[in-house]
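Undergrad: This structure is in structure tokens; I'll ask about it shortly.
There are 2 protein chains.
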Amino acid sequence: MKSKAIYYHAGCPVCVEAERGVASAIDANRYDVEIVHLGESPERLGEASDAGVVSVPALHIGESVFHVNFGAPLEQLGAKS
Amino acid sequence: MKSKAIYYHAGCPVCVEAERGVASAIDANRYDVEIVHLGESPERLGEASDAGVVSVPALHIGESVFHVNFGAPLEQLGAKS
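Note that the protein sequences, when read in sequence, are chains A and B.
When we follow our numbering, the leftmost residue of the first sequence carries the number 1397, and every step to the right adds one.
When we follow our numbering, the leftmost residue of the second sequence carries the number 1397, and every step to the right adds one.
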């Protein structure tokens, strides 16, 4: 069974670069990678925040959240703390 | 031909977590992933610094360097600027 990986971003240049560099490099045979644009899907902000995402781009994989470089803080995208 | 990816770390807890979460998720069919412990291989510090690594853990993939969370600054590992 594949593991789930979620790549959260907001369309920023840093986000696009990390999507091309990191998210696209993930092994699709082992992971189902979902790409979530938090600007276009603000209903996912709560879930991202609950997982531990504090800025984008971020990769939620396994039990961990990894912030990849820094594009924008989650609050700037409208997250409520 | 496989692309090269280099994961720089220093054995710190943040580094170990990112290696398990991110570096190990990279598609080995498309990337040759090299794991470099900069504490044990200080001769690689210059190369890492030249590539744009400023802290570990970091992933150098394609033309880009991605800092994954934050474990330690490169200077703390003895890099000369």
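Beta carbons are placed, not taken as given, at the ideal position from N, Cα and C, and that holds for glycine.
Just so you know, these numbers come straight off a predicted model, no measurement behind them.
#1: Find the nearest neighbour of K1398 (chain B) within the set B:L1455, B:G1448, B:I1422, judged by alpha-carbon distance.
#2: Going along the segment 1423 to 1449 of chain A in order, which residues come within less than 8 Å of chain B, judged by CB to CB distance?
#3: Rounded to the nearest angstrom, what separates G1417 (chain A) and H1463 (chain B) at their Cα positions?
#4: Using 8 Å as the limit for Cβ to Cβ distance, is H1463 (chain B) near chain A?
#5: Measuring alpha carbon to alpha carbon, tell me which of A:L1455, A:L1441, A:G1458, A:E1459 ends up nearest L1470 (chain A).
#6: Can you find a C-beta in chain B that's less than 8 Å from the C-beta of E1415 (chain A)?
#7: By alpha-carbon positions, which one of A:I1457, A:V1450, A:S1460 ends up nearest to A1406 (chain A)?
#8: Here's a check: name, in chain order, each residue in its chain whose Cβ is nearer than 7 Å to the Cβ of C1411 (chain A), leaving out the five neighbours to either side.
#9: DSSP three-state call for D1428 (chain A): helix, strand or coil?
#10: For the beta strand (DSSP E) containing A1468 (chain B), list its first residue and its last residue.
#11: Looking only at its chain, what residues have a beta carbon closer than 8 Å to the beta carbon of L1473 (chain B), apart from the 5 residues adjacent to it on each side?
#12: Within the continuous alpha helix (DSSP H) that includes P1409 (chain A), where are the two ends?
#13: Relative to the alpha-carbon of V1429 (chain A), which residue among A:E1459, A:N1465, A:K1400, A:D1446 has its alpha-carbon at the smallest distance?
TA: According to the data block:
#1: B:I1422
#2: D1423, A1424, N1425, R1426, Y1427
#3: 12 Å
#4: It does; some Cβ of chain A falls within 8 Å.
#5: The shortest CA-to-CA distance from L1470 (chain A) to any of A:L1455, A:L1441, A:G1458, A:E1459 is the one to A:L1441.
#6: no
#7: Checked all of A:I1457, A:V1450, A:S1460; the closest Cα to A1406 (chain A) is A:V1450.
#8: Same-chain partners within the cutoff: H1405, V1452, P1453, G1467.
#9: strand
#10: 1460 to 1469
#11: A1406, L1434, G1435, P1438, L1441, V1452
#12: 1409 to 1417
#13: A:K1400
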